[in-house]
Amino acid sequence: MRVNLKYSLIITLVFGLSFISFFFIVYEYYKNLTVDFIMKSYENNVIKFSELLSKSMGSLESDFFSKKFIDEKNGYYYILDENGNVIYHTNLSKIGINAVEDAKLPELYKYIKENKNGIYTYVYENEKRFVAFSSFEFNNSTYYLANAITEKQLFYDINKVKTFSIILLVIMMVFLFFISYVIGKLIEKEFKKQIGTIKEFSTNVSSYIAENSSASSEIGAVAQNTQKNVQKLDELIQNFSSSIEEGRSELDLTLSNMKEFFDDIQNMNEKTLEISNFINKLSDLNDKIKDISDTVSILSINSSIETSKENLDREGISKIAELINELASESRETSKNSEKILKEIEKNITTNVLLSEKTSKELNKIEKSLDSVSEIVRDFEYTVQSLSNFSHSTKISMNEVLSGINQMSEALIEIKNSMDKLLEIAKKFEK
């Protein structure tokens, strides 16, 4: 079935049901109001006629009664006496029959006698009928004017309105179908245009998703490789961090040993200064020995002079003087040599002291440098720790990225499936 015809039928059905529902609601409301009005008018007319008959019953003729009330739309009129006999009827052939015995309507006659006026409903010859009746007195006798009418006759106007409304409703439905068909053609044209756009869009999106699915797979593979590399990098950083920690411990131990070495150097400098002081004392002692040697030499000379003056054992004393003189000479020579050696030692010690002081200064600089190196190593260790934390965070982030890529890939596949379904639906609508 064509799309415009479908839309026409749908629009006609929707509006048709709305109109039909509205029609039946209005018709039922109109019918209820009209039926009540017709029934009251129907009864009031019979009562009014009965009042007129109570005044002119004596001059009433059968032909006049028949002509006066004969009207197919109003049914037929008749007058019953107290015994149920028909004394007047619009159909002259009915005059003289009995309502109970001949017409076989005992319940009607009973109802009329009991209620005096009103409306009675019954079925006669398979047709629903109404009888409006009213009693009146004439010459001390009671008579009953009755107006019998079929349901179709009584509600002729209502049925006419109903028939006209149905015809009008059918015309409106046909007109509505025509308008709906025209609108459906316009909608079909626009709908086909939109369907074409949807098909093109669905095809493009499906192609794009297919391309991006491959790209997503490649990205996923790259992400997996990156994740592995990040994991390896994290392991290397962790190992490097452990090595740095061990190196820092070794460096701290080295620095501690270096400080002990510096302390030993300092102690050695102090001992060197003490030796220098001791050498100075030895030098002073050597000077004293030299002085003693000089004194001994003088005494030896004086002894030689005195020996020549007195009559003594000159040979023995001379020998002693020679020995003393030799001792003094040797002491002087030894003193000179000692002085020379002490000066050399003092010179070397002075040089060593200067070198020690210079070394001490250099060692202080080295100590400060080692402290700086230790601080740098600590900073480097902190940096490595930060890098390790960053690597760990990166590994977690890569896991999340990989999970996101997998979710995106699944979402793209779902979107592609949905777009394929939309394309199939669009093709069905196009047919």
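As numbered in this note's numbering, the sequence shown has no gaps in its residue numbers, which increase by one up to the final residue, 482. Even glycine gets a Cβ: it sits at the ideal position worked out from N, Cα and C. Here the structure is a predicted model, which is why all the values come from computation and not from measurement.
| field | Proximity winner among 147, 198, 146, 230, relative to residue 61 (alpha-carbon distances) | value | Within the sequence shown, the letter at position 10 stands for residue 61. It is 230.
| Hey, residue 194 and residue 130: beta-carbon distance below 8 Å or not? | Position 143 of the sequence shown, counted from the start, is the residue given in the question as residue 194. Position 79 of the sequence shown, counted from the start, is the residue given in the question as residue 130. Contact flag set, yes.
| message | If I follow the unbroken alpha helix (DSSP H) through residue 202, where does it start and stop? | response | For the purposes of this step, residue 202 is taken as the residue at position 151 of the sequence shown. Run containing residue 202: 202-205, per the alpha helix (DSSP H) assignment.
| Does the beta-carbon distance from residue 315 to residue 443 come in below 8 Å? | Taking the first residue of the sequence shown as 1, we reach residue 315 at position 264. Taking the first residue of the sequence shown as 1, we reach residue 443 at position 392. Taking 8 Å as the Cβ cut-off, residue 315 and residue 443 do not qualify as a contacting pair.
| Is residue 97 closer than 8 Å to residue 183 when the C-beta atoms are compared? | Here the question's residue 183 lines up with position 132 in the sequence shown. Here the question's residue 97 lines up with position 46 in the sequence shown. The Cβ-Cβ distance between residue 183 and residue 97 falls below 8 Å.
| Within-8 Å CB hit, residue 277 to chain D | No chain D is present in this structure, which holds just one protein chain.
| Bridge partners of residue 46, per DSSP? | The chain is shown from 52 up to 482; residue 46 falls before or after that span and cannot be answered.
| said: Let me check one thing: in DSSP terms, what residues is residue 184 bridge-paired to? | reply: Within the sequence shown, numbered from 1, the residue matching residue 184 stands at position 133. Per DSSP, 169, 197.
| request: Out of 82, 454, 196, point me to the one whose CA is closest to residue 212's CA. | output: The residue labelled residue 212 in the question sits at position 161 within the sequence shown. Looking at the Cα atoms, 82 is the closest of the given residues.
| field | Buried versus exposed, by CB contacts within 10 Å (16 or more), residue 147 | value | For the purposes of this step, residue 147 is taken as residue 96 along the sequence shown, with counting starting at 1. Per the 10 Å Cβ criterion, exposed.
| message | Beta-carbon within less than 7 Å of residue 167's beta-carbon, same chain only, minus the 5 sequence neighbours each way: which residues are those? | response | What you label residue 167 is simply residue 116 of the sequence shown in a count that begins at 1. Excluding five sequence positions before and after residue 167, the CB atoms of its chain that fall closer than 7 Å to its own CB belong to 186, given in chain order.
| query | Nearest CA to the CA of residue 225: which residue from 429, 436, 66? | reply | Taking the sequence shown and counting its residues from 1, the one referred to as residue 225 is at position 174. It is 66 whose Cα lies nearest to the Cα of residue 225.
| Using the beta-carbon count (16 or more within 10 Å), is residue 462 buried or exposed? | Taking the sequence shown and counting its residues from 1, the one referred to as residue 462 is at position 411. Exposed.
| Within 8 Å, strictly: CB atoms of residue 206 and residue 89 | As a position in the sequence shown, residue 206 is number 155, starting the count at 1. As a position in the sequence shown, residue 89 is number 38, starting the count at 1. Yes. Within cutoff.
| query | Mapping DSSP to helix, strand and coil, what is residue 536? | reply | This structure leaves residue 536 out entirely; the chain is present only between 52 and 482.
| said: For residue 458 and residue 465, I'd like the C-alpha separation in whole angstroms. | reply: As a first step, residue 458 is located in the sequence shown; it is residue number 407 there, counting from the start. As a first step, residue 465 is located in the sequence shown; it is residue number 414 there, counting from the start. If you take the alpha carbons of residue 458 and residue 465, they lie about 10 Å apart.
| query | What is the residue span of the beta strand (DSSP E) that residue 131 lies within? | reply | As a first step, residue 131 must be located in the sequence shown, where it is residue number 80. Counting along the chain, the beta strand (DSSP E) containing residue 131 begins and ends at 127-131.
| field | Nearest neighbour of residue 163, chosen from 385, 134, 376 [CA to CA] | value | If you number the sequence shown from 1, residue 163 lands on position 112. For residue 163, the closest alpha carbon among the candidates 385, 134, 376 is that of 134.
| query | By the 10 Å Cβ neighbour count, where 16 or more other Cβ atoms means buried, how is residue 80 classified, buried or exposed? | reply | Here the question's residue 80 lines up with position 29 in the sequence shown. So residue 80 ends up on the exposed side.
| Got a sec, what are the start and stop residues for the beta strand (DSSP E) residue 137 sits in? | Your numbering for residue 137 matches position 86 in the sequence shown. Counting along the chain, the beta strand (DSSP E) containing residue 137 begins and ends at 137-140.
| request: Express the C-alpha separation of residue 87 and residue 139 in angstroms, rounding to a whole number. | output: Residue 139 sits at position 88 when you count from the first residue of the sequence shown. Residue 87 sits at position 36 when you count from the first residue of the sequence shown. Taking the straight line joining both Cα atoms gives about 29 Å.
| Under the three-state reduction of DSSP, which class applies to residue 149: helix, strand or coil? | Counting from one through the sequence shown, the residue named residue 149 turns up at place 98. Of the three classes helix, strand and coil, the one that applies to residue 149 here is strand, per DSSP.
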